[in-house]
Each structure stands twice: as C-alpha cells, then as structure tokens.
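There are 2 protein chains.
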Amino acid sequence: MLDVKLFQMETFLSEPYEDTLAPQLKSAHERLQDGSGLGGDFTGWVHLPRDYDKAEFARIKAAAAKIQKNSQALVVIGIGGSYLGARGVIDCLCSPNYNLKKKSTPNVYFMGNGLSADAMQEVLDLLEGVDFSVNVISKSGTTTEPAVAFRFFRDALEKKYGKAGAKGRIYATTDKARGALKSLANEEGWESFVVPDGVGGRYSVLTAVGLLPIAVAGIGIEELMGGAAKMMKLCETASYENPAWTYAALRDALYQKGWSIEVLACYDPAFRFMLEWWKQLYGESEGKDGKGLFPASVEFTADLHSMGQYMQDGTRNIFETVVRLGASEHQLYVPRDEDDGDGLNFLAGKPMDFIRDRAMEGTLLAHTEGGVPNLIVEAGGKDAKSLGQLIYFFEYACGLSGYLLEVNPFDQPGVEAYKKNMFALLGKPGYEDRKAELEAKLKK
Amino acid sequence: MLDVKLFQMETFLSEPYEDTLAPQLKSAHERLQDGSGLGGDFTGWVHLPRDYDKAEFARIKAAAAKIQKNSQALVVIGIGGSYLGARGVIDCLCSPNYNLKKKSTPNVYFMGNGLSADAMQEVLDLLEGVDFSVNVISKSGTTTEPAVAFRFFRDALEKKYGKAGAKGRIYATTDKARGALKSLANEEGWESFVVPDGVGGRYSVLTAVGLLPIAVAGIGIEELMGGAAKMMKLCETASYENPAWTYAALRDALYQKGWSIEVLACYDPAFRFMLEWWKQLYGESEGKDGKGLFPASVEFTADLHSMGQYMQDGTRNIFETVVRLGASEHQLYVPRDEDDGDGLNFLAGKPMDFIRDRAMEGTLLAHTEGGVPNLIVEAGGKDAKSLGQLIYFFEYACGLSGYLLEVNPFDQPGVEAYKKNMFALLGKPGYEDRKAELEAKLKK
Numbered sequence: 017m018l019d020v021k022l023f024q025m026e027t028f029l030s031e032p033y034e035d036t037l038a039p040q041l042k043s044a045h046e047r048l049q050d051g052s053g054l055g056g057d058f059t060g061w062v063h064l065p066r067d068y069d070k071a072e073f074a075r076i077k078a079a080a081a082k083i084q085k086n087s088q089a090l091v092v093i094g095i096g097g098s099y100l101g102a103r104g105v106i107d108c109l110c111s112p113n114y115n116l117k118k119k120s121t122p123n124v125y126f127m128g129n130g131l132s133a134d135a136m137q138e139v140l141d142l143l144e145g146v147d148f149s150v151n152v153i154s155k156s157g158t159t160t161e162p163a164v165a166f167r168f169f170r171d172a173l174e175k176k177y178g179k180a181g182a183k184g185r186i187y188a189t190t191d192k193a194r195g196a197l198k199s200l201a202n203e204e205g206w207e208s209f210v211v212p213d214g215v216g217g218r219y220s221v222l223t224a225v226g227l228l229p230i231a232v233a234g235i236g237i238e239e240l241m242g243g244a245a246k247m248m249k250l251c252e253t254a255s256y257e258n259p260a261w262t263y264a265a266l267r268d269a270l271y272q273k274g275w276s277i278e279v280l281a282c283y284d285p286a287f288r289f290m291l292e293w294w295k296q297l298y299g300e301s302e303g304k305d306g307k308g309l310f311p312a313s314v315e316f317t318a319d320l321h322s323m324g325q326y327m328q329d330g331t332r333n334i335f336e337t338v339v340r341l342g343a344s345e346h347q348l349y350v351p352r353d354e355d356d357g358d359g360l361n362f363l364a365g366k367p368m369d370f371i372r373d374r375a376m377e378g379t380l381l382a383h384t385e386g387g388v389p390n391l392i393v394e395a396g397g398k399d400a401k402s403l404g405q406l407i408y409f410f411e412y413a414c415g416l417s418g419y420l421l422e423v424n425p426f427d428q429p430g431v432e433a434y435k436k437n438m439f440a441l442l443g444k445p446g447y448e449d450r451k452a453e454l455e456a457k458l459k460k
Numbered sequence: 017m018l019d020v021k022l023f024q025m026e027t028f029l030s031e032p033y034e035d036t037l038a039p040q041l042k043s044a045h046e047r048l049q050d051g052s053g054l055g056g057d058f059t060g061w062v063h064l065p066r067d068y069d070k071a072e073f074a075r076i077k078a079a080a081a082k083i084q085k086n087s088q089a090l091v092v093i094g095i096g097g098s099y100l101g102a103r104g105v106i107d108c109l110c111s112p113n114y115n116l117k118k119k120s121t122p123n124v125y126f127m128g129n130g131l132s133a134d135a136m137q138e139v140l141d142l143l144e145g146v147d148f149s150v151n152v153i154s155k156s157g158t159t160t161e162p163a164v165a166f167r168f169f170r171d172a173l174e175k176k177y178g179k180a181g182a183k184g185r186i187y188a189t190t191d192k193a194r195g196a197l198k199s200l201a202n203e204e205g206w207e208s209f210v211v212p213d214g215v216g217g218r219y220s221v222l223t224a225v226g227l228l229p230i231a232v233a234g235i236g237i238e239e240l241m242g243g244a245a246k247m248m249k250l251c252e253t254a255s256y257e258n259p260a261w262t263y264a265a266l267r268d269a270l271y272q273k274g275w276s277i278e279v280l281a282c283y284d285p286a287f288r289f290m291l292e293w294w295k296q297l298y299g300e301s302e303g304k305d306g307k308g309l310f311p312a313s314v315e316f317t318a319d320l321h322s323m324g325q326y327m328q329d330g331t332r333n334i335f336e337t338v339v340r341l342g343a344s345e346h347q348l349y350v351p352r353d354e355d356d357g358d359g360l361n362f363l364a365g366k367p368m369d370f371i372r373d374r375a376m377e378g379t380l381l382a383h384t385e386g387g388v389p390n391l392i393v394e395a396g397g398k399d400a401k402s403l404g405q406l407i408y409f410f411e412y413a414c415g416l417s418g419y420l421l422e423v424n425p426f427d428q429p430g431v432e433a434y435k436k437n438m439f440a441l442l443g444k445p446g447y448e449d450r451k452a453e454l455e456a457k458l459k460k
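From first to last, the protein sequence lines stand for chains A and B.
Residues 17 to 460, numbered by my numbering, are exactly what the first sequence covers, in order.
Residues 17 to 460, numbered by my numbering, are exactly what the second sequence covers, in order.
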C-alpha cells in the first residue's frame with residue numbers, strides 16, 4: 017500500500033509538527049469530507065470512487081469498445097484538466113511512445129491544448145486515410161483552444177464521413193445540462209458524457225473526462241477506479257495513518273520553514289505527464305493570494321545530468337518528493353562483454369531495476385546531504401490499480417494542503433486574467449473598450 | 017535579428033542597473049572572450065562557430081547521408097548535454113512527433129538517458145525488422161546510463177549484422193584521444209567524432225555531439241552553424257547592443273531584487289525540449305555554492321490552464337522569459353460554422369497564429385499586472401538559422417550570468433555526489449568501505 021515518509025526527518029523538522037498540525041488537518045479533513053469548506057461545492061471528487069454514475073461508466077466502456085472497433089485513432093480535444101490526466105495515465109501505463117508502438121488499440125492524439133498551427137496540421141496529416149473519432153471535452157464548450165480545435169476536427173470528420181457519418185464518431189464530454197457544447201451535442205445527436213458539477217477540471221481524471229480516452233487506450237478503468245476507491249477508504253481516516261495527512265503535513269511544515277519550491281521526481285520517463293498533471297493539481301490549487309509552493313518536476317536519472325547540479329548545490333530553497341513506482345514491467349539484464357572496455361562487468365547479469373534502485377538510493381543520500389529534504393512516496397506498482405491509488409492520494413492531500421494554507425483549493429480566478437485580455441485583443445464583441453486600452457499598453 | 021527586452025521595465029527595475037552592471041559585464045565578457053576566467057579551459061564553445069573543424073563537419077554530413085541511406089532508425093545514446101541539445105533541435109524543427117510522421121529520413125530514438133528497462137525494451141521492440149545504426153556519445157565512455165544502453169544496442173546490432181556488419185553502423189562521439197569509448201572505437205574500427213576538450217556537455221550541441229543526430233533528421237546543419245556564427249559576431253560587442261548582455265543584466269538585476277525563479281515559456285509545443293536544454297544550461301551553470309536562479313519551464317497556452325493560476329496569483333518570486341518563435345510553418349484559418357454554437361465566429365477566417373499572438377500579448381499584460389516581470393526574447397523564426405542564433409545567444413548569456421554570479425559556469429561538481437553513492441551501492445570495486453556506510457544510513 018502507498019506509503020509516505022521524509023527521509024532523515026530529524027535533520028529538517030525537529031519540531032513536533034505532527035501534533036501542531038493535527039488540529040488543522042482534522043478541521044481540513046472534516047471540511048473535505050462534508051464539503052463545508054471554502055469551495056465546498058467542488059468537492060464532488062471526494063466520494064467519486066464510491067458514488068460515480070455506474071450506468072455512465074458502462075456507457076464509457078461501450079463507447080471505448082466501439083471506438084476501438086471502428087477507429088484507428090481518437091482525437092482527444094481538451095486543455096488543462098481535460099487533457100493532463102488522461103495523457104498522464106496513458107503515457108504512464110501504455111508508454112510515452114504509445115502512438116508509435118504496434119498495438120491493437122487506436123492511436124490517441126491530444127489536441128486543443130494550445131494554439132500551434134503546426135501541431136494541428138501535423139495531426140490532420142497523420143489522420144489522412146485513417147478512420148478516426150473525436151472526443152471533445154469542455155465543461156462550457158466555449159474555451160478558446162479546444163473550441164477552435166474542435167472546429168477543425170469536426171470539419172475533417174464531416175468531410176470524410178458526411179454529417180450523418182460524423183455524428184456517430186463525435187463524443188462530447190461536457191456539462192450534464194447546460195452550455196454551448198451540451199446544446200450542440202443535443203442538437204446534433206452526439207453521444208455525451210458528463211463533467212460532474214462538483215468536480216473541477218484538475219480533479220476530473222476519474223470522471224468521463226479521463227476515463228473515456230484511458231479506456232480507448234486499453235487500460236482497465238475498473239482497476240483504476242478500484243485503486244482510487246481503496247485509497248478513498250484509507251483517506252477517510254482522520255489521523256496520520258492516512259498517507260495524505262502525512263504528505264500534506266510534511267510539505268506544509270517545510271513550506272513554513274522557508275522551503276518554497278517542491279520538485280516532484282520520478283525515475284521512469286513514462287511518468288513525465290503525471291508530473292505535469294501533479295503540477296496543475298498543486299499549482300492551480302495552492303498558487304493564489306500570493307502564496308503557495310512552486311511546483312516543479314524532474315525526470316530521473318536523465319535530469320540528474322541537468323537539474324542535478326542545482327539540486328545538489330544551488331539555492332537551498334527546494335525540497336524533493338520522489339514517486340517510487342516499483343518494479344518495471346520488463347526485466348532486462350546487463351549483457352556481459354568479455355573485453356569489459358567500459359569497466360561495467362561488475363554489473364553484468366544484473367537487472368536494470370537493480371541499477372535504477374541504487375541510483376535512487378544514492379541520489380536520496382546525496383541530495384539529503386546537500387540540504388534538500390526528500391519525501392518518498394512508495395506508490396506500489398506501475399499498474400492501473402496503483403495509479404488509481406496514487407491519483408486519489410495526491411488529490412486528497414491537495415485538498416488538505418489548500419485548507420492548511422487557508423486558500424480555496426478549488427477555484428482558479430487567476431486563469432481568467434489572460435483570457436479577458438486575449439478576448440479583448442482578438443476583438444471579441446463586448447470587449448471593445450478594453451481593446452484600445454490594452455493595445456495602448458502594449459505599445460509603451 | 018534576435019532582440020531582448022523587459023516589458024514595462026520601470027515597474028520592476030527603477031534603478032539604473034545597466035550602468036551599475038556594465039563594468040562587471042565588461043569584465044565577464046573579456047574573460048569569456050579570452051578564456052581567462054574561472055573554468056576558462058571550458059570556453060572552447062565561444063569561438064566554435066568560427067573555429068570548428070571543417071573536415072570533421074564534412075565527415076558528419078557524409079555519415080548522416082550514409083545513415084539516411086542504410087538505416088530506417090538511428091539510436092542516439094547519451095545523457096545530459098549529450099542528449100538534450102539534439103532532441104531539442106529535432107523536436108523544434110522537425111516536430112515532437114518526428115518519429116510518427118511520414119518522412120524520408122530515419123527515426124531517431126534517444127536512449128541511455130535513464131535506467132528504465134521498459135523504455136529500453138520498447139525501443140528494442142521498435143527496432144525489430146528495422147535497419148538501424150547507433151551513435152554513442154560519451155566523453156569518457158564510462159558514464160553508467162549510456163554505457164549500459166550501449167551494451168544492449170551493440171549486442172542487438174551484432175546479432176543482426178554480425179560483428180563486421182555492426183562495425184559500419186556504430187558511430188562514436190567521444191574524446192579525441194583518451195578514454196574507454198575512444199579506445200574501443202580504435203580497436204573496433206568504428207567511425208568516431210570528437211567532443212572537443214574545451215566544450216562541456218551542456219555547451220556541446222553545436223559540436224558533433226548534436227550535429228550528427230540533427231543532420232540525420234534532415235536539418236541543415238550549415239544553417240544552424242551559420243546562425244550561431246552570426247550571433248557569435250554580435251556577442252563580441254562589449255556593450256548592451258549585445259543581446260546577451262541585456263539578458264544577463266536583466267536576470268541578474270531581478271535575482272538581486274529577490275526574484276528567485278525564472279520560468280522560460282514558449283507558445284509552441286515543439287519547443288518543449290529546447291526548454292529542457294535551457295534548464296540544463298542555466299541550472300547546471302549557475303546552481304552552485306548555494307546560489308542561482310531556479311530554472312523552470314512552461315509550454316503555453318497549454319500550461320496557462322495549469323501553471324497559469326500560480327503565475328498570475330501565487331508566491332511573488334518568479335519572473336518569466338518568453339521565447340517568441342515568430343510565424344508557424346503552416347498557416348491554418350479558423351473554419352466558419354453557420355450555427356456558431358460555440359460563439360467563435362468572430363474568429364472565423366483568422367489564422368491560428370493571430371489567435372496565438374493575441375494570447376501571448378494578453379498573457380504578457382496579465383502576468384505583468386500580476387507582478388511577474390516578463391522578459392521577451394524575439395527569436396526570429398522557427399528555422400535552423402534562427403535556432404542557431406538562439407542557442408548561441410543563450411550560451412553566451414549563460415557564461416556572462418555565471419561570472420556575474422561569481423561562480424564557475426563551466427563545472428558541475430555536484431553531479432558527482434549521486435554517482436559516487438550509486439557506485440558504492442552497486443558494489444563497484446574500490447567502493448567497498450563506502451557501501452557499508454551508505455547502507456547503514458539508508459536503514460535509519
């Protein structure tokens with residue numbers, strides 16, 4: 017089962033932070049459990065692994081099976097929380113090279129998460145002569161990036177299959193009743209799935225938002241939900257037996273002592289987009305009111321030869337959280353070389369995992385010695401069940417962390433600022449006054 | 017031509033930092049130009065775009081042409097500076113989906129940059145039935161990650177082509193005379209290229225280290241070097257007409273005023289690994305002696321829906337450097353939709369680049385308003401020549417920055433710490449005493 021600890025804790029936290037923080041954690045915990053805290057309307061994810069819509073879950077599996085049958089590619093259109101969770105899980109459990117691998121499931125292209133014409137053209141080209149479907153994910157249907165992308169891919173579908181044919185290949189994940197995308201889906205007769213009201217984007221990977229693409233890639237979504245449910249049970253415990261309490265307490269205690277950057281590390285390159293998912297979860301939940309740990313990420317051992325120098329010897333304001341995934345899926349053994357020109361024969365016959373694990377331990381000791389507190393999250397295995405546990409664990413600890421920090425961990429008011437400016441500069445009707453003002457500022 | 021500025025400078029830097037820093041910059045500049053500063057033995061990159069080995073350059077092109085002819089894939093084995101530059105350039109100029117695209121040039125797989133058995137197995141599988149070559153890059157030949165990977169891929173080559181056939185498919189980029197890999201290359205008769213003595217890993221992308229893989233991917237390495245040479249000329253100027261002076265001065269002035277994190281941003285997903293290259297360059301050059309800006313990166317607009325909230329409203333210790341790449345290679349225009357269900361018809365017929373550029377401006381205004389200083393680097397275009405300029409610009413500014421900070425920007429002593437521990441824990445001969453000591457610490 018998932019476990020969290022701070023290595024050589026006494027070096028970094030000599031105070032009895034557990035006792036000090038327990039009352040605040042208890043209060044935060046209760047507010048999460050009953051939805052009575054700041055942003056409490058958005059705690060629908062807390063009991064989701066128990067309360068999720070079973071009928072819809074079955075429809076997701078059926079839709080995934082249909083897409084697997086009639087499509088060689090699925091275009092997933094979404095940004096932020098409608099993008100990072102699914103990509104993180106598919107990269108982690110299938111591979112960052114998922115689209116390149118030989119397999120029986122469709123390719124998955126993540127689009128609408130930016131405004132690059134080159135990236136768009138590339139995927140349009142890759143879809144030439146390929147049967148494909150589209151999953152458009154947006155609570156409102158009017159977020160610029162996915163809405164623009166959807167126009168292109170809907171066009172491409174309708175050109176290829178005609179309006180009637182395209183209809184059966186569009187899946188809308190959106191609000192259950194309102195909004196532009198829901199209206200469109202109703203009018204056009206697209207199958208639709210629900211972004212539940214009480215679940216914000218960055219907490220939505222275990223809803224249809226994440227589950228449909230994940231299922232299309234052939235990952236067992238029952239196992240993923242099962243893992244999350246198991247962790248949900250454990251997180252109901254109002255004590256430090258709850259690993260989310262431990263993680264939230266440790267990072268808060270370190271933050272209060274002046275550590276201002278948290279670097280999430282993993283020793284598997286397949287975890288890169290789970291790191292990105294985590295950065296959104298924590299950065300968007302905590303980074304407000306002039307507060308919050310800065311979330312950064314590294315992929316080891318690659319980045320030991322990049323950010324490693326800084327982590328060992330640079331400004332001493334960082335702590336590190338290492339996610340240990342356990343055994344690799346494949347075991348590979350270092351070949352023997354009779355000449356031993358590289359001097360590596362002392363490793364011949366050893367599994368790669370053995371070397372990786374010693375690198376992990378060696379780094380733990382080195383960074384700790386260098387003054388960087390190291391939190392270790394033992395995540396179990398690289399499988400759907402363990403990843404479901406890890407996802408829920410990070411979500412729950414994030415809710416607790418936000419309340420410890422006395423912010424609303426479920427809003428993101430700052431995201432509107434660039435959007436408003438962008439709309440004005442784009443000439444969106446209703447923003448005329450602001451346009452002139454902003455253009456003047458840009459000229460200065 | 018490349019240009020750098022701080023938007024609304026008077027808001028963030030009211031002091032005459034230019035005059036204050038000019039004498040230090042002049043001194044740093046002179047030390048870079050004549051190699052008389054700290055780590056001066058490693059300033060071979062400063063005049064590289066002029067002094068590079070023309071005969072070797074021709075051999076690189078010939079080798080690339082040979083690989084393009086006899087291989088459908090090139091496995092590039094290297095870590096840190098022997099990895100990030102080539103990957104950054106290929107991703108940026110060919111696409112992050114380079115291996116997925118239809119093309120006339122070989123796939124390029126970057127290996128030996130970690131210890132994941134799954135990643136290794138995956139590429140071994142992808143090479144089944146594929147003609148391939150290997151470029152192994154290591155100054156010494158004994159760095160664990162690439163050396164382990166090379167054993168696997170050399171084995172695979174020799175099994176497929178026999179020892180004699182494999183010989184013509186292995187390219188070693190290594191020391192010109194010494195080290196395990198050079199000895200092996202001599203004994204086995206592999207074609208070899210040089211990691212010049214005066215060029216550290218993170219400054220080596222414009223040597224054979226980066227150029228061979230880049231050329232294999234079909235990128236014009238003359239144009240890349242030509243751009244770098246042009247920037248080298250400009251960087252010889254000992255004044256703020258030199259854009260590297262401006263960048264180094266601005267980031268130093270901000271650092272001195274308490275901004276401790278620099279976030280490099282780009283609005284093109286193809287730039288992701290150039291961001292990683294930049295993080296190594298700056299993190300490893302500056303992060304020592306308890307000093308240095310923490311280098312982080314974001315990919316916009318995707319990460320406006322992730323790190324955007326933090327950047328707008330979180331802890332106010334970050335500044336942002338935005339690399340503007342100019343026009344996309346492709347122009348795409350937003351399709352009109354008669355029903356306008358998403359309300360986007362005000363953008364119909366507009367190019368994607370137009371929307372992207374307004375997002376860029378809107379974000380600039382929003383983040384500046386939020387208290388985040390924004391440096392803008394106008395990088396010209398998304399082409400080899402502009403990227404060559406940008407690479408040299410960042411390298412030169414990094415050298416200057418290190419000297420302003422009074423560190424040696426060309427060493428990386430901290431990288432050894434984890435390696436020594438790892439060797440001991442792996443049971444490498446000669447490390448026996450340390451092993452027991454470390455294992456005891458791990459048990460505590």
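Ideal Cβ positions, reconstructed from N, Cα and C, are used throughout, including at glycine.
If you're wondering where the values come from, they're calculated on a predicted model, not measured in any experiment.
Going by beta carbon distance, what residues of the same chain come within less than 7 Å of residue i, once the five residues before and after it are set aside?
i                      : result
residue 402 of chain A : 243, 395, 396
residue 407 of chain B : 221, 222, 244
residue 345 of chain A : 398
residue 448 of chain B : none
Does the Cβ-Cβ distance between residue i and residue j come in under 9 Å?
i                      : j                      : result
residue 151 of chain A : residue 91 of chain A  : yes
residue 140 of chain A : residue 404 of chain A : no
residue 47 of chain B  : residue 56 of chain B  : yes
residue 110 of chain B : residue 287 of chain B : no
Where does residue i land, buried or exposed, given buried means 16+ other C-beta within 10 angstroms?
i                      : result
residue 205 of chain A : exposed
residue 170 of chain B : buried
residue 179 of chain A : exposed
residue 86 of chain B  : exposed
residue 253 of chain A : exposed
residue 446 of chain B : exposed
residue 202 of chain B : exposed
residue 292 of chain A : buried
residue 332 of chain B : exposed
In chain order, what residues of the same chain lie with their CB nearer than 6 Å to the CB of residue i, ignoring the 5 residues before and after it?
i                      : result
residue 348 of chain B : 368
residue 158 of chain B : 196
Would you mind reading off the limits of the alpha helix (DSSP H) that contains residue i?
i                      : result
residue 298 of chain A : 288-302
residue 136 of chain B : 133-142
residue 36 of chain B  : 33-50
residue 202 of chain B : 196-204
residue 447 of chain A : Unbroken run through residue 447 of chain A: none, as it is neither H nor E.
Cα-Cα, which of the options is closest to residue i?
i                      : options                    : result
residue 350 of chain A : B:165, B:345, B:221        : B:165
residue 183 of chain A : A:262, A:109, A:191, A:207 : A:207
residue 315 of chain A : B:78, B:100, B:259         : B:100
residue 266 of chain A : A:17, A:28, A:18           : A:28
residue 58 of chain A  : A:268, A:425, A:117        : A:425
residue 135 of chain A : A:229, A:168, A:294        : A:168
residue 483 of chain B : B:419, B:338, B:228, B:431 : Nothing can be reported for residue 483 of chain B: it is not among the residues displayed for chain B, which extend from 17 to 460.
residue 40 of chain B  : B:356, B:385, B:269, B:326 : B:269
Start and end of the beta strand (DSSP E) containing residue i?
i                      : result
residue 340 of chain B : 334-340
residue 399 of chain A : Here residue 399 of chain A belongs to no beta strand (DSSP E), and DSSP marks it neither H nor E.
Ignore the nearest five residues each way along the sequence and tell me which others in residue i's own chain have a CB closer than 8 Å to its CB.
i                      : result
residue 366 of chain B : 349, 350
residue 88 of chain A  : 122, 123, 146, 147, 148
residue 117 of chain A : 110, 111
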